[in-house]
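Read through the structure below, which is laid out as structure tokens, and then see the notes.
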Amino acid sequence: FFITVTVRPAPLLTFPLTETVCSHVAANRTLTISNGVPGTTYEWAAPTNTGGMTGGTAGAPLSTGPITDVFSNLTGAPQTATYSVIPTSGAGCAGPASDVIITVNPYPATTDISGESNLCVGSTNNIYEVTNTVGSTYNWTIPGHLTETFNNNLYFIIVDATALGTNNIEVVETNSYGCIGETKLFPVTVSSFSVAETVSGPPVVCLGDAGVTYSVSDIAGSTYEKSDD
16 FFITVTVRPA
26 PLLTFPLTET
36 VCSHVAANRT
46 LTISNGVPGT
56 TYEWAAPTNT
66 GGMTGGTAGA
76 PLSTGPITDV
86 FSNLTGAPQT
96 ATYSVIPTSG
106 AGCAGPASDV
116 IITVNPYPAT
126 TDISGESNLC
136 VGSTNNIYEV
146 TNTVGSTYNW
156 TIPGHLTETF
166 NNNLYFIIVD
176 ATALGTNNIE
186 VVETNSYGCI
196 GETKLFPVTV
206 SSFSVAETVS
216 GPPVVCLGDA
226 GVTYSVSDIA
236 GSTYEKSDD
């Protein structure tokens, strides 16, 4: 008698099995096979991440992909997530495990904006800045009550206070890897100059007089300094 043995092929993943993304942006690594085995599904464990990077999950059994994990890379340098992916044919034949490597470029660590939050209308050459990162560019947006006098996509901007108002200066950093950071906001209020007030009180006092009072009209939000000249 004869025994017929059917040998079914195991699926082989298609190379290359790499992708590069920015931190905080979802990967989209499609998984395909190179030898046309029908009904192939994929399974993978959570990835091995380098450099303290976080993110990445295991793929459910019978997954058809793609890998769409989001990673947080705050290290300042590219890191990798390595998945070991096993393809299995519709007939249940498992192919060899292959490494799928996602390179994750770092997220810009933009510092808070520093500068003066309260300006008088007409003030000039007011500087607002963040800490400079080599290779980064900075997209600044200013509100209508300020006027740019210097903006070259650098880590600082110079403005004049040209109108009354309150609104935010904004900056977005793009690092040398092309990754875009969060929008940083800094509120700036431009106010009018205080109007000189007439001081009320006796023009002449006698030596030894106590409790003599001098005053001006109270303006809401104003502070006052006295001078004994």
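When we follow my numbering, the leftmost residue of the sequence shown carries the number 16, and every step to the right adds one.
All residues carry an ideal CB built from backbone N, CA and C; glycine is no exception.
Below 8 Å CB to CB, which residues in the same chain sit around Pro-53 once its five sequence neighbours on both sides are set aside?
-> Ser-104 and Gly-105
Whose CA, out of Val-203, Pro-102 and Gly-80, lies closest to the CA of Val-136?
-> Val-203
According to the neighbour-count rule (16 or more other Cβ atoms, all chains shown, within 10 Å of its Cβ), is Ala-73 buried or exposed?
-> exposed
Answer yes or no: do Asp-114 and Thr-97 have a C-beta to C-beta separation smaller than 9 Å?
-> yes
Buried or exposed: which applies to Ile-142, given that a residue is buried once 16 or more other Cβ atoms fall within 10 Å of its Cβ?
-> exposed
How many Å lie between Thr-65 and Ala-178 at the Cα?
-> 51 Å
Give a yes or no on contact between the stretch 214-231 and the stretch 153-165, applying the rule of three or more CB pairs nearer than 8 Å.
-> no
Which runs of the beta strand (DSSP E) fall wholly inside the stretch 29-96 and span at least 3 residues, in chain order?
-> 33-37, 56-59 and 74-78
Decide if Ala-61 is buried, meaning its Cβ has at least 16 other Cβ atoms within 10 Å, or exposed.
-> exposed
DSSP three-state call for Ile-18: helix, strand or coil?
-> coil
As assigned by DSSP and simplified to three states, the class of Ile-128 = coil
For Pro-217, which three-state DSSP category applies?
-> coil
Leu-179 - DSSP class collapsed to helix/strand/coil = coil
Buried or exposed: where does Arg-23 fall if 16 or more other Cβ atoms within 10 Å of its Cβ makes it buried?
-> exposed
Close-in-space but distant-in-sequence residues of the same chain around Ser-215 (CB under 8 Å, 5 per side omitted) | Tyr-229, Ser-230 and Val-231
Which class does Lys-199 belong to by DSSP, given the choice of helix, strand or coil?
-> strand
Would you decide whether Ala-75 is buried or exposed? Buried here means 16 or more other CB atoms lie within 10 Å of its CB.
-> exposed
Coarse secondary structure for Cys-135, derived from DSSP in three states = strand
Assign Val-186 to one of three DSSP states: helix, strand, or coil.
-> strand
Using alpha carbons as the reference points, say which of Thr-29, Thr-21, Thr-63 and Pro-121 lies closest to Leu-89.
-> Pro-121
Length of the line joining the Cα atoms of Glu-188 and Gly-67 = 23 Å
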